[in-house]
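Worksheet: one structure, shown below.
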Amino acid sequence: MIKYEILLNQYNIDNATQWAQQLGSLDSNKANAILRQLIPEHFCSDGASKLHTKLSEDYPEFLQMIQHTNAFFSSFPKSGIPAQSKSIAQCVDPSMNAGIGIAKDTHSQILVHPKLSETINFLKPSNVDDQEWSKLTQALYKYNNGLGANWYRSLSKQRYLNDIKKPELQNQAQNSLKISPIPVFGGTSGLSSIFDMFGGAGTPVIFPRTYWGNMNLMADQKGLLKTPSDYIDINGNIQLDVLDQTLTKLKQDSFKKVCIYLNFPHNPSSTVLTESQAQALASLLQSHAKEDFQIINVCDEPYFPFVRGDQAIQSPLSSYLQPNQNRNMLTLATINGTKRDGMYGFRHADLVLLLPNGLTVDIIDEIENNLFAGYFRGCFSFSNAINQYLLARSLSSDPLIPLKSADAIALDPDYIDKERQLVSYMSDTVNRSILKLDKIPYLTRVKQTQDASGGFFISYQLNQQFKDLNITPMDVHKTALTHGLGVIAAGEYIRINALIEESVLPDFCFRLVQTLKDLLEQAN
């Protein structure tokens, strides 16, 4: 108890004696967890302390956002081994480089198992010579100490900007994207990082009351305060007045920071915001984001650009929620890769960070190369070059893209055109399925009153007859299995992947009707 009181007095903590008595009654793990919240600076490295000093001078709002989170302790020493290795590589002849942490042969080539090299060589196009390909593979095998390969991040930035169809939003994003997107291991990994870095235990995270899947588990793991809100109601309608009430209530309850989970196209309702709704949401969040009530927008956009309807926004929602001049708001998004590009098994996404305007180059460098690099290095050493290479090579149609400078990297219009074709196919197929499924009398499709929807799934609710008999979507899922039919129960929804082959669609609908009839007969 005495050691705790001495430590607390050292940091001028009020009621140090009472705190010390309480800490002394706990085991050391619990006591240290409390101390980490009471006096976080005691647990910080010298590098983290220097970073905090820099942030407090140039961007104190950001420092406030990461307090009581793991990011507060995530500084990465710029003078560490990676930095020393880089300086050696720049200044020393390769034959004299004894500092590198990569095994090399006597010809200064990375030492790779010959069978692995043979496998990678299957990716070699016939029009690329052996010497250039050797340089390329060495670039892929090379250990990456940063936040992803620069050549990939440059292309990802171009792609995000290209996604933004409104010129004024694109111009704003040019200012916000001071840090290029960071490739991560799937959208869930990126979202987990956001909650970890900017949420912290006890921070409210607003979810739509509709089913939110693994985000629920993630919030529990990280100790976030789950705050369901009917800003998306059970019929898929957007109710921004309810979100306004939720934010106001949290502020009245003395919370100083809140995360808002925004998933559009929404899973499972398929809701997409209209242009007017997106603009109204941006204005609402800007009005709430103040020094005493900071807002972290967490945009989960794996299904972009799969939108339908003339009223649906055609740009990522995150692009509407840029902080602009507001230093008390951040917008982060996960996009690309897994669902958009069909890289399901590869698990890939890009983490986009939209910063306020007017930040100095120095403070942006601190955030990217000190804070973010430290956080991600503490989670996993960053490479994953094969994912970045496969997607970047496809986006650019350049098999040698890792050897190119940033100004020589460009999106291939053919990739964008083929994506449009895929989106059109998806839309036509989903709409065809809707025409058949909507005729099933026991179901009501979740749809907005305005012409906006998205994703490649559609959701239905059971009609009142089923609800009166306490028949649930999970009952439908289980009984459908006995009919050789697969549908998902997502909360109060029955979610259907609407990319159903045209030849089997009539049989699909027939089996679904039989499933529903069976449930009614069993209940009666």
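Residue numbers (my numbering): 25 to 548.
Cβ coordinates follow ideal geometry from the N, Cα and C atoms, glycine included.
Under the three-state DSSP convention, the category residue i falls into
{"i": "R332", "result": "strand"}
{"i": "G398", "result": "helix"}
{"i": "F481", "result": "strand"}
{"i": "Q346", "result": "coil"}
{"i": "D374", "result": "strand"}
{"i": "R469", "result": "strand"}
{"i": "M353", "result": "strand"}
{"i": "L461", "result": "helix"}
{"i": "N521", "result": "strand"}
{"i": "A514", "result": "strand"}
{"i": "K577", "result": "For the chain, the structure presents residues 25 to 548; residue 577 sits outside this window and is missing."}
{"i": "V454", "result": "helix"}
{"i": "I258", "result": "coil"}
{"i": "N287", "result": "strand"}
{"i": "V537", "result": "helix"}
{"i": "L414", "result": "helix"}
{"i": "T496", "result": "coil"}
{"i": "P423", "result": "coil"}
{"i": "T298", "result": "strand"}
{"i": "M120", "result": "helix"}
{"i": "Y28", "result": "helix"}
{"i": "K159", "result": "helix"}
{"i": "Q108", "result": "helix"}
{"i": "M367", "result": "coil"}
{"i": "Q194", "result": "helix"}
{"i": "Q88", "result": "helix"}
{"i": "P437", "result": "helix"}
Of the residues the options, the one placed nearest residue i, counting alpha carbons only
{"i": "F330", "options": "E443, L383 and R456", "result": "E443"}
{"i": "F328", "options": "N145, E299, F480 and A122", "result": "F480"}
{"i": "Q346", "options": "I524, F370 and I319", "result": "I319"}
{"i": "T298", "options": "Q412, N174, T161 and I262", "result": "I262"}
{"i": "K250", "options": "Y517, N238, P228 and S150", "result": "P228"}
{"i": "L486", "options": "V528, I387 and I518", "result": "I518"}
{"i": "T295", "options": "L375, G170 and Q472", "result": "Q472"}
{"i": "L419", "options": "Y439, P118 and V511", "result": "Y439"}
{"i": "E525", "options": "K460, L193, R469 and I391", "result": "K460"}
{"i": "W43", "options": "M239, Q489 and E29", "result": "E29"}
{"i": "L379", "options": "K110, I203 and G478", "result": "I203"}
{"i": "D82", "options": "L467, L544 and T384", "result": "T384"}
Inter-residue spacing [alpha-carbon to alpha-carbon] between residue i and residue j
{"i": "I359", "j": "P326", "result": "5 Å"}
{"i": "K166", "j": "I134", "result": "8 Å"}
{"i": "S451", "j": "R332", "result": "6 Å"}
{"i": "F370", "j": "N291", "result": "21 Å"}
{"i": "V447", "j": "R364", "result": "10 Å"}
{"i": "D244", "j": "H137", "result": "42 Å"}
{"i": "S549", "j": "Q269", "result": "Absent from the structure is residue 549, since the part of the chain shown begins at 25 and ends at 548."}
{"i": "S217", "j": "C323", "result": "13 Å"}
{"i": "D38", "j": "S278", "result": "20 Å"}
{"i": "L377", "j": "D334", "result": "29 Å"}
{"i": "Q34", "j": "T41", "result": "12 Å"}
{"i": "D265", "j": "S300", "result": "14 Å"}
{"i": "M89", "j": "K428", "result": "37 Å"}
{"i": "A304", "j": "N455", "result": "28 Å"}
{"i": "L509", "j": "K463", "result": "18 Å"}
{"i": "Q538", "j": "L267", "result": "40 Å"}
{"i": "Q196", "j": "E392", "result": "20 Å"}
{"i": "C68", "j": "F86", "result": "17 Å"}
Close Cβ partners of residue i (< 7 Å) along its chain, the five nearest in sequence each way excluded
{"i": "A547", "result": "L493 and I495"}
{"i": "P252", "result": "F231 and R233"}
{"i": "V152", "result": "P423 and L424"}
{"i": "R417", "result": "P423 and I425"}
{"i": "I256", "result": "P232, T234, I262, H290, S293 and T295"}
{"i": "M221", "result": "I90, T93, N94, A95 and Y399"}
{"i": "K159", "result": "L427"}
{"i": "N121", "result": "I112 and A113"}
Cβ neighbours of residue i in the same chain (closer than 8 Å, five flanking residues each side left out)
{"i": "A302", "result": "I337, L341 and Y344"}
{"i": "V164", "result": "Strictly speaking, residue 164 in this sequence is Leu, with Val absent from that position. I144, A409, I410, Y413 and P426."}
{"i": "L415", "result": "Y176, N360, G361, D365, M367 and H372"}
{"i": "S457", "result": "I482, I520, A522, L523, I524 and L529"}
Per DSSP, cross-strand counterpart(s) of residue i
{"i": "V282", "result": "I319"}
{"i": "K128", "result": "I134"}
{"i": "F146", "result": "None; F146 has no bridge partner."}
{"i": "E325", "result": "I359"}
{"i": "K314", "result": "F317"}
{"i": "I206", "result": "L375"}
{"i": "L486", "result": "L467"}
{"i": "V229", "result": "K250 and C283"}
Contact test: residue i Cβ vs the ligand SAH heavy atom, cutoff 7 Å
{"i": "L164", "result": "You won't find the ligand SAH in this model; it holds no ligand whatsoever."}
Same chain, Cβ closer than 6 Å to residue i, five either side skipped, listed in chain order
{"i": "K189", "result": "Q338 and S339"}
{"i": "S200", "result": "Q346, L378 and L379"}
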